[in-house]
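These notes concern the structure reproduced below.
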Amino acid sequence: DAMVIQNPRYQVTQFGKPVTLSCSQTLNHNVMYWYQQKSSQAPKLLFHYYDKDFNNEADTPDNFQSRRPNTSFCFLDIRSPGLGDAAMYLCATSRGSGGAFFGQGTRLTVV
Amino acid sequence: AQTVTQSQPEMSVQEAETVTLSCTYDTSESDYYLFWYKQPPSRQMILVIRQEAYKQQNATENRFSVNFQKAAKSFSLKISDSQLGDAAMYFCAYRTGNQFYFGTGTSLTVIP
């Protein structure tokens, strides 16, 4: 089945230690997104790729970076995680004017 | 800036009854799309229904339907014949270009 897959589902990292979250898709969608979702809050768009074009939201901290080496994969790098970065990170894809398809998310814990 | 407001943090409904979840949005765009997403506990976000702003006809997907009032910038979701599996967080979302913006969600409880 075509889908969006995020790895790992749960990630524990140390304060200040770089961490990378990954997302892959078999939908062949040209747009990929990263959202941060904290408990009981709306998903917050961090950035998205339209094909290879990177689009950063104005209020996304510099601590967050992303890479998209090809259509299928997208990575979220957190250079120096702080306690406030603990959250669920959602990857999503879209194509055309349709809705976004989401992965199951990666729950990040910072210790 | 586009904003999406869901004024009901929590709602409950008896099984087999009907419930309506509210959503309003603010935009100066004329071409956009609206969505309702369902997020069960610890599970992924699932698209429930989609509405194009240029269409006057309200979208329907089985037991789910919307009441889209463009002038009022209102986009409510009606769930008919509620089932236990409908219990989840529901998010209203607005799309302009390639960007999706979400409301803060409504937690729906279905009472057996």
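Going line by line, the protein sequences match chains A and B.
Positions in the first sequence are counted from 1; adding 1253 to them yields our numbering.
Positions in the second sequence are counted from 1; adding 104 to them yields our numbering.
Even for Gly, the Cβ is constructed at its ideal location relative to N, Cα and C.
### Query
Counting only runs that start and end within the region 1254-1315 of chain A, where is the beta strand (DSSP E) found for 3 or more residues in a row?
1257-1260, 1263-1266, 1272-1278, 1284-1290, 1297-1303, 1306-1309
### Chain-ordered chain B contacts of A/G1358 [CB-CB under 7 Å]
Q148
### Message
Could you compute how far the alpha carbon of B/Q155 sits from the alpha carbon of B/K182?
### Response
14 Å
### Task
Indicate whether B/G209 and B/T109 have their beta-carbon atoms separated by less than 9 Å.
Taking 9 Å as the Cβ cut-off, B/G209 and B/T109 do not qualify as a contacting pair.
### Query
What are the start and end residues of the beta strand (DSSP E) that includes A/R1391?
Because chain A is modelled from 1254 through 1364, residue 1391 of chain A falls outside the range shown and cannot be assessed.
### Task
Measure the CB-CB distance between B/D185 and B/L212 and report whether it falls below 9 Å.
Taking C-beta atoms as the reference points, B/D185 and B/L212 fail to come closer than 9 Å.
### Message
Looking at chain C, is there any beta carbon in it that lies within less than 9 Å of the beta carbon of B/V108?
### Response
The structure shown contains no chain C; the protein chains it does contain are A and B.
### Message
Given this structure, state the Cα-to-Cα distance separating B/F168 from A/H1301, to the nearest angstrom.
### Response
29 Å
### Query
Per DSSP, what kind of secondary structure is B/D190 in: helix, strand or coil?
helix
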